[in-house]
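Q:
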Amino acid sequence: MYFKSADDLLVRFEITSSSLPEPVYINNGNCIVKGKIIGSLCEVQRDRTVITFDKVPDSGRLVLSYSNGMNAVYFAKDCKFPTRKDGEIIVEKSIPLYRFLGGKTEEKVVFAMKGTNYNGIFLYRENSSICEWNTSIPATGVCANLTVDEVNGLISFNATFSKTDDKNYETLFWGRRYNAFAVNLDWTHTGEAPEVEACGTSDD
C-alpha cells in the first residue's frame, strides 16, 4: 500500500474494530507492531509512505493521521464486518469511502453508528466544524438530519454536500474523538472505488 501526504503520517493499526490502536513503527524496511514484524517492505520515502503486510488481516483497520485529519484502510474479508458494539461506527453504510465525483456538483453521504447515545458526535468538512451533537438535536439546518432509532439501536446522519468552487478534493470526518473516520470526495476524477465491486454501494 502506498500513501502520499504533504505532511508526516502517524500510522496506527487496530487488529479488530474495537481494539486500541497500536502504533506501526518502520525500521530497517520492516513494519513493527508491539515488537513484532508484521510486514516488509515498509519504508518512508520522500513523497510517500509504503506499508506492506505479510498477511492480510480479516478485520481491523490501518489508521493514517496527519495534521489536518485522518484516513483509514479497512480490512473486511468478503466485505463482512464484525458485529458492532454501542458507539462503534458502521463503516459499510458509508461505502464508498473514496468517491470519484468528476462532473458532479453534489453528493449524498450517509454515516451510521451503533447505539442511541449521540453525545459528542461531530462532523467536520476539512478543518471546518459543521455539526457537533451533545444534549439535543437541532430542529432545523443540516445538523437536524441526525436521527436516533431507539428500537434498532442505530444513530444515522445523511446530508447532501455541494461542491465548492475552490475545492477539488475534500474530506468529511464523522464520529467521536479517537473513534472517527473519513469519507473522501474527489470532484476531479471519475471511476468506481475498489470497495464498490466487493461490497456494493451503501444503502440508506
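One point on numbering: in full-length UniProt numbering, the residue at position 78 of the sequence shown is 78, and numbering is uninterrupted.
Cβ atoms here follow ideal geometry from the backbone N, Cα and C, with glycine treated the same way.
Predicted model only: the values in this text are computed from it and were never measured.
From which residue to which residue does the alpha helix (DSSP H) around glutamate 197 run?
A: Counted from its first residue, the sequence shown places residue 197 at position 197. 194-199 is the extent of the alpha helix (DSSP H) around glutamate 197.
Q: How should glycine 60 be labelled, buried or exposed, when 16 other C-beta atoms within 10 angstroms of its C-beta is the threshold for buried?
A: The residue you call residue 60 lines up with position 60 of the sequence shown. Glycine 60 should be labelled buried.
Q: Beta-carbon separation of phenylalanine 161 and leucine 146 under 7 Å?
A: As a first step, residue 161 is located in the sequence shown; it is residue number 161 there, counting from the start. As a first step, residue 146 is located in the sequence shown; it is residue number 146 there, counting from the start. For phenylalanine 161 and leucine 146, no; Cβs fall outside 7 Å.
Q: Less than 6 Å between C-beta atoms, sequence neighbours within five positions excluded: which residues of the same chain meet that for leucine 97?
A: Looking up residue 97 in the sequence shown gives position 97. Same-chain partners within the cutoff: Val183.
Q: Identify the residues that DSSP records as bridge partners of threonine 171: which are they?
A: Taking the sequence shown and counting its residues from 1, one reaches residue 171 at position 171. Beta-bridge pairing links threonine 171 to Asn184.
Q: Could you give the C-beta distance for leucine 154 and glutamate 170, rounded to a whole number, given that I count them as a contact under 8 Å?
A: Working through the sequence shown from its first residue, we reach residue 154 at position 154. Working through the sequence shown from its first residue, we reach residue 170 at position 170. With 8 Å as the limit, leucine 154 and glutamate 170 do not qualify as a contact, their Cβ atoms being about 26 Å apart.
Q: Considering only their Cβ atoms, is the gap separating glycine 35 from aspartate 54 smaller than 7 Å?
A: By 1-based counting over the sequence shown, the position of residue 54 is 54. By 1-based counting over the sequence shown, the position of residue 35 is 35. In this structure, glycine 35 does not lie closer than 7 Å to aspartate 54 by Cβ.
Q: Closer than 7 Å by C-beta to valine 50: which residues in its own chain qualify, once you throw out the five before and the five after it? Chain order, please.
A: As a working mapping, residue 50 is identified with position 50 in the sequence shown. Excluding residues within five positions, the ones whose Cβ falls inside 7 Å are Tyr2, Leu41, Cys42, Glu43.
Q: Looking only at its chain, what residues have a beta carbon closer than 6 Å to the beta carbon of cysteine 131, apart from the 5 residues adjacent to it on each side?
A: Taking the first residue of the sequence shown as 1, we reach residue 131 at position 131. Once the five neighbours on either side are set aside, the close Cβ partners of cysteine 131 are Leu123, Cys143.
Q: What's the gap between the Cα of aspartate 149 and the Cα of alanine 159?
A: Sequence index remark: in the sequence shown, residue 149 carries index 149 (1-based). Sequence index remark: in the sequence shown, residue 159 carries index 159 (1-based). Near 17 Å, if we compare the C-alpha coordinates of alanine 159 and aspartate 149.
Q: Based on Cα-Cα distance, which residue from Val56, Lys104, Ala180, Trp174 lies nearest to threonine 190?
A: Taking the first residue of the sequence shown as 1, we reach residue 190 at position 190. The shortest C-alpha separation from threonine 190 is found at Lys104.
Q: Among Thr164, Gly115, Ile137, Phe173, whose alpha-carbon lies nearest the alpha-carbon of arginine 125?
A: In the sequence shown, the residue the question calls residue 125 occupies position 125. Here the closest residue by C-alpha is Phe173.
Q: What first and last residue would you give for the beta strand (DSSP E) that runs through cysteine 31?
A: For the purposes of this step, residue 31 is taken as the residue at position 31 of the sequence shown. Taken as a continuous stretch (DSSP letters only), the beta strand (DSSP E) holding cysteine 31 covers 30-33.
Q: For the beta strand (DSSP E) that aspartate 149 lies in, which residues bound it at each end?
A: Stepping through the sequence shown from its first residue, residue 149 is reached at position 149. That run of the beta strand (DSSP E) goes 146-149.
Q: Since I believe arginine 176 is in contact with glycine 120 (beta carbons under 8 Å), could you give me their beta-carbon distance rounded to a whole number of angstroms?
A: Locating residue 120 in the sequence shown gives position 120, counting from the first residue. Locating residue 176 in the sequence shown gives position 176, counting from the first residue. Going by Cβ atoms, the distance from glycine 120 to arginine 176 rounds to 5 Å, so yes, they are a contact pair.
Q: Answer yes or no: do glutamate 92 and phenylalanine 100 have a C-beta to C-beta separation smaller than 7 Å?
A: The residue you call residue 92 lines up with position 92 of the sequence shown. The residue you call residue 100 lines up with position 100 of the sequence shown. Not in contact: glutamate 92 and phenylalanine 100 (Cβ atoms no closer than 7 Å).
Q: Helix, strand or coil for lysine 104, going by three-state DSSP, please let me know.
A: As a first step, residue 104 must be located in the sequence shown, where it is residue number 104. Lysine 104: coil per DSSP, three-state reduction.
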